[in-house]
Each structure stands twice: as C-alpha cells, then as structure tokens.
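Residue numbers (full-length UniProt numbering), protein chains in the order written: chain A, 1 to 625; chain B, 1 to 625. Using N, Cα and C, we set each Cβ at its ideal position, and we do this for glycine too. Single-structure report; data block below.
Protein chains: 2
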Amino acid sequence: MNAVPSTLLQQTEQLSESVTRPIPGSRKIHVEGSRPDLRVPMREIALSRTPTLFGGEDNPPVTVYDTSGPYTDPDARIDLALGLPALRARWIEERGDTEVLTALTSEFGRARESNAKLDSVRFPNRALPRRAKAGMNVSQMHYAKQGIITPEMEFVAIRENQRLEAVREAHLLMQHPGENFGANIQKIITPEFVRDEIARGRAILPNNINHPESEPMIIGRNFLTKINANIGNSAVSSGIAEEVEKLVWSIRWGGDTVMDLSTGKHIHETREWIIRNSPVPIGTVPIYQALEKVDGRAEELTWEMFRDTLIEQAEQGVDYFTIHAGVLLRYVPLTAKRTTGIVSRGGSIMAKWCLAHHKENFLYTHFEEICEIMKAYDVAFSLGDGLRPGCLADANDAAQFGELETLGELTKIAWKHDVQTMIEGPGHVPMQLIKENMDKQLRECGEAPFYTLGPLTTDIAPGYDHITSAIGAAMIGWYGTAMLCYVTPKEHLGLPNRQDVRDGIMAYKIAAHAADLAKGHPGAQIRDNALSKARFEFRWEDQFHLGLDPEKAKEFHDETLPKDAHKVAHFCSMCGPHFCSMKITQDVRDYAAEHGVDEAKALEAGMAEKSQEFREKGAQVYHKE
Amino acid sequence: MNAVPSTLLQQTEQLSESVTRPIPGSRKIHVEGSRPDLRVPMREIALSRTPTLFGGEDNPPVTVYDTSGPYTDPDARIDLALGLPALRARWIEERGDTEVLTALTSEFGRARESNAKLDSVRFPNRALPRRAKAGMNVSQMHYAKQGIITPEMEFVAIRENQRLEAVREAHLLMQHPGENFGANIQKIITPEFVRDEIARGRAILPNNINHPESEPMIIGRNFLTKINANIGNSAVSSGIAEEVEKLVWSIRWGGDTVMDLSTGKHIHETREWIIRNSPVPIGTVPIYQALEKVDGRAEELTWEMFRDTLIEQAEQGVDYFTIHAGVLLRYVPLTAKRTTGIVSRGGSIMAKWCLAHHKENFLYTHFEEICEIMKAYDVAFSLGDGLRPGCLADANDAAQFGELETLGELTKIAWKHDVQTMIEGPGHVPMQLIKENMDKQLRECGEAPFYTLGPLTTDIAPGYDHITSAIGAAMIGWYGTAMLCYVTPKEHLGLPNRQDVRDGIMAYKIAAHAADLAKGHPGAQIRDNALSKARFEFRWEDQFHLGLDPEKAKEFHDETLPKDAHKVAHFCSMCGPHFCSMKITQDVRDYAAEHGVDEAKALEAGMAEKSQEFREKGAQVYHKE
C-alpha cells in the first residue's frame, strides 16, 4: 500500500466484504484472444448433476457476461490507492498516435493538483495523461473507418459471444425466433463485425485513452442490451470513499457503464478515484461541474471555462460526456406550457443560459470545437436530451422531437469528425408512444445508439419507479435501444441508498435481458433454459446461481424453508408434496417412457377421435360414462 | 361482538392498525346511484393550492378507484365475527328467483357444520345459503341477455367512471390517444353498456348470490384493467386470522379480486371467514380442496366428490372457480418433452387423473353439469390453463395452444348456459410471443375476458419475478387482457409475506394502469397529470397522496430529507438548489409570461431563421461569435 496516510485512504483501502465477495456458485474465467494480453473476463456458473429421479445427467456450466471487474476475482489484489491494472495501456501505446503530456492541459486541473489542501483527498498515484499527437484522431471510430481492428474491438467480440460456440455444442439450443424490428443480429460476433458497426456509427466502444483500466464493452442495437447505473453525491450527501464503494457495488450487480453525477465539493478528486478503480466506462455530465465553478449561476457559464472542464475530465479518463447541445433557444419557449417544463438538469441549465443571453446554446455553436477535444482522447458523445418529457403529458411533444432532430444533425457532424456518438432518450412515455420515439430516433440519428432513461410508463407510482420504467425500458430495448439508464425506487423522492441501487440495477438487467430475448439474440435463452431445467429438477442451488441475484434468491428461499435438506427436496415450499406439479410431470414422463412414444401418440390419436365424436354431437359435451 | 369465545376470535377481532388505517390524504366517498341503497365507494384525494410562485390556483380533488372496502372507512364499524354488511342482499332478494335453503346441500359442508371440534374455528354468524329456484338461472349474464340492467350493473358503471364527468369539468383533460387493438373503449360507461358487454360474454361481473357482501366490479377488456392477488396458507404455513388479515391487506393496496388458494386443515372454515369479510370477489381452485379430501391421491378423485366440493364452495359464496377442464388426455403426452412439463397445480392433478384412469378429464366430460351448478349460484368460470408454460422454452407450444382451443370450445358451452366465463392465461412468455397469445385467446374464446398470470418475460430473475412479470403483464394488458394475476417477488422461491404481497400488488397496479393509459381509457391520465403537476410545483404531500403507495413515497422522501420544511421546499433532495430544473423551468415560464407569448413566438421564428442559415452553410455549424 503506497499511500499518503489519511482518513480517506484508510477508508478507501477497505471495500466491504459485501461488495467484493465472490458471486456464489461461479468463478471468474478469462478467454484469451489473439494475443496473450487480451484476456476477456467472464463468469462461469458450475451446475450440479441432474438427480437420478429425473434421468441423471451432467449439466454443462453456463458462461455469463461479467461486468464486475477484478473485484470478484479471488486472485486479484485490490488496492484502491494504486487503482486497477492498466490493461489497455500497451494497446494504446502501440498505436503510436498519442503522447504523454508533461503537465495537465486544463487550468482547473493544474490548480487542483497544486493545491496542498487537497493532498488528503487526492488519488495518490496519478500518472500524467495522454493526448493524441497533433493532427491525430485516436477514436475507435477513426480506426474502424480505416479498416483497423483494434484489440479493443476483438475484446468486445469475444465478450459479446460469451463462449457461445462452446455452449452450443453442450446445450441443445432451444430458443424462440426473435422479432428484431430491423436490427442486424448476428449468430456469432466477429471482430470485423464490431469494426464495421463502429465505423457505421451504429455502435460505440467508449474507452478514453486515459482510462486504460477499462475492460472494453460495446453499445449498439446489434449487440447485447446494456445498462447504466448512476452514482454521485450531491450537496446534501456522501463522500469519496462511499462513491468508490457505490461503483464497485453497481458493477457487481451488472452495471455495464457508470455515470458519475457528483456535484459536491471534491468533484474532481472523487472522479479521479472512481476512474482509477473502474473496470467499466465512466460517463459524466460536464456542465454540472462547470456550473459548480460559477457557483450555480447558469448565466455566468462561458465556452472557455466549459472547454477547460471538458479537457480536465478528458485527461482524467472520462469515457463519455453527456452534452446538451440540442437545447436550442428556439425550443425553450416550447416548454413553457408543459406540465413539468424542463426536467433535465443539464437541459434546464442550458435553457437558462440561452434565455439570459438571448443567444444560441454555446454547446451547439461550439460543437465542432468539442469534437476536436473528443477525438484527441477518444471520449464518446452522449448527446443529452435536455428537453426530455418529465411526465406522460409532455411525451413526444414538439420540444422533445425538435431537440431529437437537432441531435440527429449533430450526430452527423460528430461522425464527420469520427467521434463516437450515442443519443439520450426519455423519460416518461406511455407504452403506446414508445415505438414512435424509437423509430424517430433511428431515422433522425442514422441508427446511432439510443440510450434511454426508462421510459417510465406511468407517473403515479413514486417509490416504485424502477418498475414503472423497467416496463418501458424492456419495450424500448426490444424496439432498438442499445443502453438503458437505470431508475431506482427512490427516483423523484430522494437519493438512492445501496439497496435502491441494487433494486434499480436488477430491474434493468431484467429489462435488458427481456429485450435480448425478444430481439432473438443468439444464445440469449441459454441461461433461461438452464435455470428452468434446474428449477424443474429441484436443483435449488443451481437455480439460485443461475439467477441474476443468487444471494437474494437463496435468502428468499431460506425464509420459508431454511433447512439445507430442503434445497434437495423433491417438492418445494409453495405447494407441499401433494400439490407438487413438478413431481406429477415426472409421473407423466415416466408414463410416456414406460409406454413408449408410440403409445403416447396412439393415445393422442385415439383421444382426438373421441373428441371428434364430441364435437359432432355439437355442444352436447356431457355424456354418461 | 357476538362470538363464541376462542383464541381465534380474539385474534380475528383485531385487525392490525397497519391494514385498516385511513389512506393518507384521502377520504372514502360514496356516489349514489338510482336508488338509495346503491352507494358506490370511491376514494377522493384532496389537493392543496398551487404555491404563489407557480401561479397560485386551486387544485380540484382527484377521485380514484377504491378496492379497500369498509376497512379504510373511519365511519365503518368492523367486526370480523359478524362479517361485512350484506349490501347486495336486497337486490338479490328482490329478483325473486332464489330461495333460502333449509340446510347446506353439500355433504361435506354439513359434516363440517355438525363437527363440534370445529366450533372454535368456525365463523360464528353463518346464515343459510341461497340457491336459484328450480329451473331458474341467476347469473348476471342471464339477466343481461334478457335486457335486464341489475343494480350490480349500474353499480359497476358508476364505479368504472370514477366521477369522470365531474373531473372533466374541473381538469383540463390532457391525454394521449390510445392504441386499443380493437377494444371498444367508451367515453362514459353506461349501465346499458355494462349489460351489453356481459350479455355478449366480453365481460363478467363475478358475484355469487351467497356473497352479498361484495361490492360489484367488472372484468372485461373494455373496462379498467383489474388485478388479482392470491392468498392462502399451505401445508407449511399460516392460520385463519392471518389469512383474513392478508385479505384486508391485499385490497388495501388495490387487489380487485382475491383468490383463496388455501390447502390446509381448516380450508373450509378459513374460506368462510374470508368470504364473510371480503368486499371483493373471491376465487378458488376447487380441485385443491377435492385433492385434500382424498389425501392427495389424484387418482382417487371422483366427479361425485368434486361436485360436492363445488356446491360446498358455491354455497359459501365463492365468486369464481378455476376449473381445469381443458386438460384433455390427448394433450398430456405433449408435455412430456417440455423443459418444465406441467407447472399448474390443478393441471398436473388432472393430468395425473387422466393417465391413471386412461379416461378423459372428468371436468370436461361433466362440463355441462358444472354449468348447472354455476348458474344456480352465479359462480363465474375461470377456465384454468392447466398446461400453461412454466418457462420461456415451453411458451406458445402445442400443449398450451391445444388447451386454449378447448377452452374456447368450453366457453361457448358455458355461454349457452348463460354462465359468466373468463379464461386463464400464462405464465412464462418472451415479449415477442405475447401478442400472438393474446390474439389467439380473443379469437378462440370469442373475446371472453383473459385473465393472465404475468406473463414472466424471462426466467432468470428468481427473487424479482414481480418485475419480470409486470413487464409482460403491462403488455398483455395493453393488448387486451382484462385481469392480471399478480406475482410476488417470492414466486418460485417461497411463500409471500406481507411485504411481498404489497410489492406484488404495486407492480401489478402499475402494469394495469400502464395498460389503461396505452389503451386510451378516458380519464386514465388524470391522476398522472395531477401527480406530475404536484411534482412540478413541489407539492410534496400531494405527490405522495396521488401515488399508488402514499406511505412508501413519504417514507422514501423522509429518508433523505426528513424535515417537514423540506416538504414545501422549492427544490428537492436529488439535486440541491442550484441544479433544480423545476426552478429553472419556472424562470422560463416567467420569461415567457413577462415577454408575452408573441415574443416567445418571435424568438422561435427568429431562431429558426438563424438555424436555417446554419443548415445552409452545410455541416459548418460552428461559427465565431
């Protein structure tokens, strides 16, 4: 442990056991790619043998996507003050198009660095950042357009496949055909397909060159649906150590990316700790920090200080920026008659600035300058929907759709600069209007990935908005949204605690997986099939382990039937032995086995005849026996 | 208190305060119909005035559907040992087509009644049951077909409207057009429309003449989407007092009907306590009790003892029976190759019986005899889907759809007898297959109401199946399902406790309301609009009160900002004062007000011109200022 002794470091040194303990019934594995330093993490769930009663057979392990990083790897040594290993460092270096800076570029960053008062909260092992060499573009989109398959792209291809080839051999792949609404779903993801999707702008691979600790992942409608979890303190709340722990907690349950929405005093330092310890891409909304710098007075925001903020964060390693460049002055009056006006924080800040200056949004007017920064670090755009509807009444209105059209326009500009781009979406939308929204986004934004918050399908359930929004999220994911931003039960009411974060992520893992199934992603149903088989065969532990939250499943089971014996019992707590339908089904199977399939068929045929007799007698079904 | 002293009675005498306390911010009201004894309960939520900052105005109260019965009425005197007032007794009597029996008809019922050992658990104030006079049919469908509008039908019409006329005047009705997939949604529900829907078989009004305590409600795709909650002990679990409390708890949160799935020792007595104290229709699965009577040996079931069970329960007042008459012998072998075989308890019992006897399901062969019983008490059919899929892999397969076709055939037979009928549906179905299921049900069953369990849209989230299934429930409700049977977080894992029941009901109230909004039920959005307006205006208490669960909303809010002052504060806990988008929106409105709408329009026009300039310069958006 290399560290400046401080209370903070003592705190951050130790993550609680609850966020790092191995996930029950499974182990971390790594699949090697074309080079030894390309090792793609996955989680393998071991399954027990089918009991003899049900035919006795081995059940092959199931491999699942793993976002949890080294934290759930018993072989990894975690030292938060050192940060995670920089697994992409060599790949970045090898490309030879970046240079290590001799000092931070942003004024603000330098000021923070030289401020001795911050020593006690500063991440102690900060390396100097990299930037593209003059005239170079280091975005994955740029490489992709040139036909280059980067190690990041290969990593992603392996990761998306989840050893599907291996599983295919072992499992009888039984899956319903999907309805993909025009998505281009592949049977096997090749690195070339990844490259092509990124070049086409249909997918993004957010990985800032200053975040070499990240495990590459991809966001696009032709890949697995991803979810984002938000963390971040606020004026009212938490500290640095707590935020890092929230990060680790979020990825444990399946957050594919994490947005740091901190707005507190040590926003810069908190972000550094988070990025250095994050195996997933980190997104931010730079305007939040910019507003802090002018003490909350939106009208005092300037392009120059915003620009400095972008560079400050780009050099820390933020992987994508939410930029509210579509909040145009002419759209602002369209919100005046809304039920809930502007509910996006970033959107309202920019609206206020526009009104105060009676000028066009500086994020819009300086958009190409922003692109220049983005491509020097490979930061991806998440074009913010500052005018998203905050209630059903405002859904799909002129302000929202006007902004979406502008985001489409900006997407094309970003692509001209080879800057990776995704588009943020609503919000609150009743079910019957969700598809219109998705279709318009695909059309206006040339299939750039859509990244939606929910949408919430009703306004009347404060305290349960993870559910109101999981419904909308599953549907919009099915229709084509690439990443779903989670909503916790505390939405609209307060700041989420640890339990809320877990509940929000679970609701969104469900929505994302339901979407993958509905789109017909190859292999998406393997885990469902394995779990259901385990359920049928009363392999309780396997059922828990295959679930999205093995700990909760076991805990719930044990509330009713805590004894270990019950985890192998051939009936379950809900019905008791007489009523066990699983048991009766086994009798049916035994009958079919005993009498042979022919007899079963004969039975079917014979009864069909009898039934025909019934029908011929008209409605006179009843007859004496 | 008229009671045999016993521990049970002392227990049941007192419902806990948590299940009976008034729902915060609202009061029970009654809307009178065409006769003074026709008083339809509703809940009126009072709203506070809009703060001056936001324009200061009165907010009219919002009336919402109320399933909670007299329990949340401070004026009602609750005595569980007396049961609820028999509000429909006079209506039933007036029709003159029923008679009070001199003794129970069922052998089993008589045996229980004369067994002194049961005195301590028996409901003490049981009246003798009624039955149709010889040759009479007392079903609401029968009256409807003859053009008679019963008080029950008028009650339902008033109830469905929720004082929409009054609310329309007060509120500016802003609601998105729905997509109703061929449903016949009315602007105002008239008693005649109710009659017509019941006559047509498109809706049912489940209210056994022996359950005069029930407040009439209707289940049909052209009415508000309803939800059912299941209660019931099992071999492993609870007693009578607990079950009654579960009933009251379920309807407090919005259960429209409750199914009593008890399988324990005092199944008959428990049911009596539940029915006598239930203001909502009670459903049962009579085969469960029949199986208890033969000690769990399915092959010993006989038509005669099943018939006795039906009569026993019909005379207690059960409002609908799940009858698994579609599990035909020829379908059983179709389940042998399934991943999870037969998962319906009732379905598996009947399958076992069919196999053991190599005979057709006696529920099918005696179906018309069952109809005779149903119409003598007005018990509605809930035709059980004994072959519903228990996992995604088995969804929409030959067994499931074969049974559904048979249920369609049986529906027509039931209708011939003027017996009210709904159809049960799955189960586990991935999103892309849900509509096929709904469409087939409408087609095969002549639009008889569909009553589905979920469906669950993925198998991989044990512990969160209220969410996996709320997604499917919202969608199938939108497509046309009339009632959604809830699923709790404990599904597949254990018996739900009180918290699980509340969570399950909330998930389903959300799904049902999302469906109503999507179908475009007139007025469905009023509550959403009122809540969102309250949210925008920082009327925190109003926001809580308009929510589906006011207690949870307040509790969550108070976790972050417990002080009372924060409930009127003009910013909230999530963002703090600087970041409050609501506050900024108000600035936008003030600006629009100050500068006039004309200026706002001019602004829009002027900026549109400027933007035109931008576009004409091609993608060259950036320009120096």
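Integer Cβ distance of residue i from residue j, believed to fall under 8 Å
i                      : j      : result
A:Q316                 : A:I275 : 6 Å
B:V501                 : B:W91  : The pair is not a contact, with the Cβ atoms about 32 Å apart (cut-off 8 Å).
A:R27                  : A:E44  : 6 Å
A:G68                  : A:R307 : The amino acid occupying residue 68 of chain A in the given sequence is Ser; Gly does not appear at that position. About 35 Å; that fails the 8 Å criterion.
B:L53                  : B:Q586 : 7 Å
residue 652 of chain B : B:V318 : Absent from the structure is residue 652 of chain B, since the part of chain B shown begins at 1 and ends at 625.
A:G547                 : B:G408 : So it is not a contact: roughly 36 Å between Cβ atoms.
B:G283                 : B:T257 : 6 Å
A:I267                 : A:E292 : 6 Å
A:G494                 : B:L561 : 7 Å
A:V194                 : A:A157 : 5 Å
B:P455                 : B:P496 : Contact flag wrong, Cβ pair sits at about 19 Å.
B:S48                  : B:E541 : 7 Å
A:E312                 : A:S106 : 4 Å
Sheet register partners of residue i (DSSP bridge)
i                      : result
B:E99                  : B:R131
B:L484                 : B:I227, B:T452
A:T63                  : A:E44
A:D260                 : A:I231
A:F381                 : A:F321, A:T421
A:I209                 : BP columns for A:I209 are empty, so no partner.
residue 626 of chain B : Coverage of chain B is limited to positions 1 through 625, which leaves residue 626 of chain B absent and any answer about it impossible.
B:T284                 : B:F321
A:I29                  : A:M42
B:H428                 : B:L456
Minimum Cβ-Cβ distance from residue i to chain C less than 7 Å
i     : result
B:L47 : The structure shown contains no chain C; its protein chains are A and B.
What residues from the stretch 458 to 471 of chain A come within 7 Å of chain B, judged by C-beta to C-beta, listed N to C? T458, D459, I460, A461, P462, G463, Y464, I467, T468, A470, I471
Quick check on the DSSP output: what are the complete alpha helix (DSSP H) runs of length 4 or more inside the stretch 295 to 347 of chain B, in order along the chain? 303 to 316
Between the stretch 413 to 423 of chain B and the stretch 447 to 457 of chain B, do at least 3 Cβ pairs fall closer than 8 Å? yes
Cβ pair count under 8 Å reaching 3, the stretch 191 to 201 of chain A against the stretch 134 to 142 of chain A: yes
Determine contact between the stretch 256 to 264 of chain A and the stretch 176 to 190 of chain A, defined as no fewer than three beta-carbon pairs at a distance below 8 Å. no
Is the stretch 335 to 347 of chain A touching the stretch 144 to 162 of chain A, taking contact as three or more C-beta pairs under 8 Å? no
Between the stretch 515 to 534 of chain B and chain A, which residues of the former have a C-beta closer than 7 Å to a C-beta of the latter? L517, A518, Q525, R527, D528, N529, L531, S532, K533
Is the stretch 381 to 398 of chain B close to the stretch 322 to 339 of chain B, with three or more CB pairs under 8 Å? yes
Under 8 Å: do the stretch 499 to 518 of chain B and the stretch 461 to 470 of chain B share three or more Cβ pairs, one atom per stretch? yes
With 9 Å as the C-beta to C-beta threshold (strictly closer), list the residues of the stretch 470 to 498 of chain B near chain A in chain order. A470, I471, G472, A473, A474, M475, W478, P489, K490, E491, H492, L493, G494, L495, N497
On the three-pair Cβ rule with 8 Å, is the stretch 358 to 371 of chain A touching the stretch 302 to 310 of chain A? yes
Report yes or no: do three or more beta-carbon pairs, one from the stretch 482 to 492 of chain A and one from the stretch 216 to 231 of chain A, lie closer than 8 Å? yes
Note down, in chain order, all residues in the stretch 50 to 84 of chain A with a beta-carbon under 8 Å from any beta-carbon belonging to chain B. none
Does the structure place the stretch 273 to 289 of chain A close enough to the stretch 241 to 248 of chain A that three or more beta carbon pairs sit under 8 Å? yes
Taking one C-beta from the stretch 153 to 167 of chain A and one from the stretch 509 to 517 of chain A each time, how about it: are there three or more such pairs within less than 8 Å? no
Using a Cβ-Cβ cutoff of 7 Å, what residues of the stretch 422 to 446 of chain B are near chain A? List them in chain order. P430, M431, Q432, L433
If you measure beta-carbon to beta-carbon, which residues of the stretch 501 to 515 of chain A are closer than 8 Å to chain B? M506, A507, K509, I510, A511, H513, A514, A515
Check distances from the C-beta atoms of the stretch 545 to 559 of chain A to those of chain B and list, in chain order, the residues that come in under 7 Å. L546, G547, L548, D549, K552, A553, F556, H557, E559
Quick one, which residues of the stretch 326 to 339 of chain A are near chain B if we go by CB-CB under 9 Å, in chain order? L328, L329, R330, Y331, V332, P333, L334, T335, A336, K337, R338, T339
Going residue by residue through the stretch 357 to 406 of chain B, where are the continuous beta strand (DSSP E) segments of at least 3 residues, counting only ones entirely within it? 380 to 383
Anything in the stretch 391 to 424 of chain A with a Cβ closer than 9 Å to a Cβ of chain B? List those residues in chain order, please. C391, L392, A393, D394, A395, N396, T406, E409, L410, K412, I413, K416
Can we say the stretch 92 to 112 of chain B touches the stretch 34 to 43 of chain B, given the rule of at least three CB pairs closer than 8 Å? no
Short-range partners of chain B found in the stretch 258 to 280 of chain A, where Cβ spacing is below 7 Å: T263
According to a CB-to-CB cut-off of less than 8 Å, which residues of the stretch 364 to 387 of chain A neighbour chain B? Y364, T365, H366, F367, E368, E369
Taking contact to mean at least 3 C-beta pairs separated by less than 8 Å, is the stretch 112 to 126 of chain A in contact with the stretch 392 to 404 of chain A? no
Taking any Cβ of chain B, which residues in the stretch 345 to 357 of chain A have a Cβ under 8 Å from it, in chain order? R345, G347, S348, I349, A351, K352, L355
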